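Following our numbering, the numbering of the sequence shown begins with 242 at its first residue and continues without gaps.
Just so you know, even glycine gets a beta-carbon here, dropped at the ideal spot from N, CA and C.
These figures come from a predicted structure and were not determined experimentally.
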Amino acid sequence: LIPFFHKVTMEKELRSTILFNAYKKEVFTTNNGYKSMQKRLRSNWKIQSLKDEITSEKLIGVKLWITAGPREKFTAAEFEVLKKYLDGGGDILVMLGEGGESRFDTNINFLLEEYGIMVNNDAVVRNVYYKYFHPKEALVSNGVLNREISRAAGKAVPGIIDEESSGNNAQALTFVYPFGATLSVMKPAVAVLSTGSVCFPLNRPILAFYHSKVQ
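This is the structure in structure tokens:
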């Protein structure tokens with residue numbers, strides 16, 4: 242699952258680094274699971290790994306902080322650092338897998354819940370046979386909740402301008418959601434992708450954004 246946070250600030254700070262957290266025994270790091278993505282990002286960004294405790298100093302110049310499947314708990318001090326980083330205009334990308342916090346033995350929900358997002362301790366399964374994928378490699382064919390996602394992926398359906406066309410919009414992008422959990426989402430966060438009507442649990446959020454402008 243992918244909760245994503247973005248905060249805009251009036252203060253201008255040069256942020257040119259994408260920082261992958263590797264201090265909480267993350268399942269995926271720059272050298273494990275993200276090699277190809279790292280190569281693509283390097284043309285425009287500095288890519289670094291954080292193998293020490295999270296501090297404000299370590300986040301200076303960082304545009305995006307990523308934790309991909311943390312398997313240890315964060316400290317209260319680290320959460321405070323991340324909140325201040327977000328308040329200062331930084332971006333955060335959090336990913337977890339099936340079973341949620343209980344399986345990963347982490348406490349990332351403590352941070353996410355402040356922004357209206359919580360990772361559930363469940364798993365997404367495709368309940369209709371599809372020969373190419375494991376049942377937990379769920380093929381979602383009608384899970385788009387926000388048409389901007391389809392537009393960003395280059396899959397927008399022309400002419401979708403009202404709620405009556407939301408069904409077409411939901412099917413504009415087909416994607417595989419492997420070994421993931423669902424989210425509970427409430428304001429101020431917004432759900433943008435769901436499990437659709439073919440995967441179980443039905444129509445549950447799996448990707449959410451939080452975006453806030455500092456006045």
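By how many angstroms is the C-alpha of residue j removed from the C-alpha of residue i?
i: I447; j: V439; result: 14 Å
i: K377; j: G310; result: 17 Å
i: K304; j: I333; result: 9 Å
i: L380; j: P442; result: 13 Å
i: L255; j: R367; result: 43 Å
i: Y370; j: V322; result: 45 Å
i: Y356; j: G340; result: 21 Å
i: I390; j: V335; result: 18 Å
i: N262; j: G384; result: 29 Å
i: E294; j: E319; result: 7 Å
i: Y451; j: S257; result: 21 Å
i: E342; j: K266; result: 14 Å
i: Q279; j: Q289; result: 10 Å
i: A393; j: S284; result: 20 Å
i: E404; j: A413; result: Annotation note: pLDDT 48 at E404 (below 50); position unreliable, coordinate value reported separately. In a straight line, the C-alpha of E404 is about 14 Å away from that of A413.
i: I401; j: R388; result: Its pLDDT being 46, under 50, I401 is placed unreliably in this model, and the coordinates cannot settle the point.
i: D328; j: K454; result: 9 Å
i: A430; j: K324; result: 15 Å
i: S382; j: K314; result: 34 Å
i: R344; j: F420; result: 12 Å
i: T316; j: E354; result: 16 Å
i: S277; j: T415; result: 22 Å
i: Y275; j: R312; result: 17 Å
i: K428; j: N362; result: 21 Å
i: G331; j: R445; result: 28 Å
Please look up how many angstroms separate the CB atoms of residue i and residue j, rounded, as I've assumed it's under 8 Å.
i: I307; j: W286; result: About 12 Å separates the two Cβ atoms, so there is no contact after all.
i: K292; j: Y264; result: 6 Å
i: A449; j: A364; result: With a Cβ gap of about 18 Å, A449 and A364 do not count as contacting.
i: F374; j: V417; result: 6 Å
i: L337; j: V360; result: 5 Å
i: I358; j: L424; result: 6 Å
Please list the terminal residues of the continuous beta strand (DSSP E) segment that includes residue i.
i: D332; result: 332 to 336
i: Y418; result: 416 to 419
i: A432; result: 431 to 435
i: F269; result: Segment: none, F269 is in no beta strand (DSSP E) and carries neither H nor E.
i: V426; result: 424 to 426
i: L255; result: No beta strand (DSSP E) holds L255; DSSP gives it neither H nor E.
When the cut-off is 8 Å and only beta carbons count, does residue i lie next to chain E?
i: N350; result: No chain E appears in the structure shown, which is made up of a single protein chain.
Along the chain, where does the alpha helix (DSSP H) containing residue i start, and where does it finish?
i: S453; result: S453 -> not in any alpha helix (DSSP H); beta strand (DSSP E) instead, spanning 446 to 454.
i: S343; result: 341 to 345
i: F351; result: 350 to 353
Hey, would you say the C-beta of residue i is under 7 Å away from at least one heavy atom of the ligand NAP?
i: L414; result: Summarising the ligand content, the structure contains no ligands, and the ligand NAP is consequently not present.
Would you check if the region 293 to 300 and the region 270 to 278 touch, i.e. whether three or more CB-CB distances between them fall below 8 Å? no
Evaluate the contact criterion for the region 333 to 353 versus the region 431 to 438: three or more CB pairs, one atom per stretch, below 8 Å. no
Beta strand (DSSP E) segments (min. 3 residues) lying fully within the region 280 to 325: Counting only runs that start and end inside the region 280 to 325, the beta strand (DSSP E) elements of at least 3 residues fall at 287 to 291, 303 to 309.
Runs of alpha helix (DSSP H) wholly within the region 360 to 395 (minimum 4 residues, chain order): DSSP runs (the alpha helix (DSSP H)) wholly in the region 360 to 395: 388 to 393.
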